[in-house]
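**Student:** Everything in the sequence shown is counted per this note's numbering, starting at 170 for the first residue and increasing by one.
From the three backbone atoms N, C-alpha and C, an ideal C-beta is built for every residue, glycine too.
Model, not experiment: these values are computed from the prediction.
This structure is in structure tokens; I'll ask about it shortly.
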Amino acid sequence: MRKTAGTATLGLLLLAVPAAAQVEPALSAEVGSPLKLSGNVGLWVGLGGTGPEDPEVGHGLLLQAQPGLGGIAFNVGWTPVALPAWGTQAVGFAIKARYLRTWGDPWGGLEPDQDYVGGELVLAWIVKASVGVVTRVGGAEGKKTIVTWSVGIGI
Numbered sequence: 170m171r172k173t174a175g176t177a178t179l180g181l182l183l184l185a186v187p188a189a190a191q192v193e194p195a196l197s198a199e200v201g202s203p204l205k206l207s208g209n210v211g212l213w214v215g216l217g218g219t220g221p222e223d224p225e226v227g228h229g230l231l232l233q234a235q236p237g238l239g240g241i242a243f244n245v246g247w248t249p250v251a252l253p254a255w256g257t258q259a260v261g262f263a264i265k266a267r268y269l270r271t272w273g274d275p276w277g278g279l280e281p282d283q284d285y286v287g288g289e290l291v292l293a294w295i296v297k298a299s300v301g302v303v304t305r306v307g308g309a310e311g312k313k314t315i316v317t318w319s320v321g322i323g324i
């Protein structure tokens, strides 16, 4: 049943994307807390330019998985400003919702096996920088609310 529901959800998301949407990989290598060294793998789905005065500046949806040495994050976001011709991780701004699961020995004094949800802001101009706030929703130990951060470069 879960597989059917997941397939149906993916199908609905694909139907919601306009035929003229631009889809690009969203890839970066990052270092930060609590994931330590991580790789960000995802897709940016461009939904058009911000206006006739500047058609090269686009906006769109961002879907990412970010596995790292200290855990993994799954991100869903909105990019009100992106320069798709330059690569989505190279230039832009994003607002993301995130789920974070710690493992191993995460940075920031966190315990492994903790689940967090929250948000993140990202600014990229060749070098990517992000900061977020997440709250623990699973796991019985450790800090309740933490600040996440990372710096990296688009690949």
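Quick check on W272: does DSSP put it in helix, strand or coil?
**Tutor:** Looking at W272 - three-state DSSP - the assignment turns out to be coil, as it is neither helix nor strand.
**Student:** If the criterion is Cβ atoms closer than 7 Å, does the pair A195 and G211 meet it?
**Tutor:** It is a contact, given that the beta carbons lie within the stated cut-off.
**Student:** Which of helix, strand or coil does DSSP assign to G288?
**Tutor:** Here G288 sits in strand by DSSP.
**Student:** Which one or two residues does DSSP pair with V214 in a beta bridge?
**Tutor:** Answer is V192, L230.
**Student:** Measure from the alpha carbon of L292 to the alpha carbon of each residue in W272, F262, V303, Y285, then state which is nearest.
**Tutor:** Nearest of W272, F262, V303, Y285 to L292, Cα basis: F262.
**Student:** Does DSSP put E280 in a helix, a strand or coil?
**Tutor:** In the structure shown, E280 sits in coil (DSSP, three-state: anything other than H, G, I, E or B).
**Student:** Looking only at its own chain, which residues have a Cβ that is under 7 Å from the Cβ of S299, when we skip the five neighbours before and after it?
**Tutor:** Around S299: E289, L290, V291, W318, S319.
**Student:** How would you call I264, buried or exposed, if buried means at least 16 neighbouring beta carbons within 10 angstroms?
**Tutor:** Answer is exposed; the Cβ neighbour count stays below 16.
**Student:** Taking only the alpha-carbon atoms, compute the straight-line gap between R270 and P236 and give it to the nearest angstrom.
**Tutor:** About 10 Å.
**Student:** Should G217 and A251 be called a contact, given that it needs their Cβ atoms to be closer than 7 Å?
**Tutor:** For G217 and A251, no; Cβs fall outside 7 Å.
**Student:** DSSP three-state call for I241: helix, strand or coil?
**Tutor:** I241 falls in the strand class under three-state DSSP.
**Student:** Could you spell out where the beta strand (DSSP E) holding K297 opens and where it closes?
**Tutor:** Residues 296-307.
**Student:** Measure the CB-CB distance between D282 and G308 and report whether it falls below 7 Å.
**Tutor:** Against a cut-off of 7 Å, the Cβ pair of G308 and D282 comes out as a contact.
**Student:** Would you call the CB atoms of S202 and G277 closer than 7 Å?
**Tutor:** For S202 and G277, yes; Cβs fall inside 7 Å.
**Student:** In or out: T257 buried (at least 16 other Cβ within 10 Å) or exposed?
**Tutor:** With a pLDDT of 48 at T257, under the threshold of 50, the predicted position of this residue should be treated as unreliable, and no value is reported.
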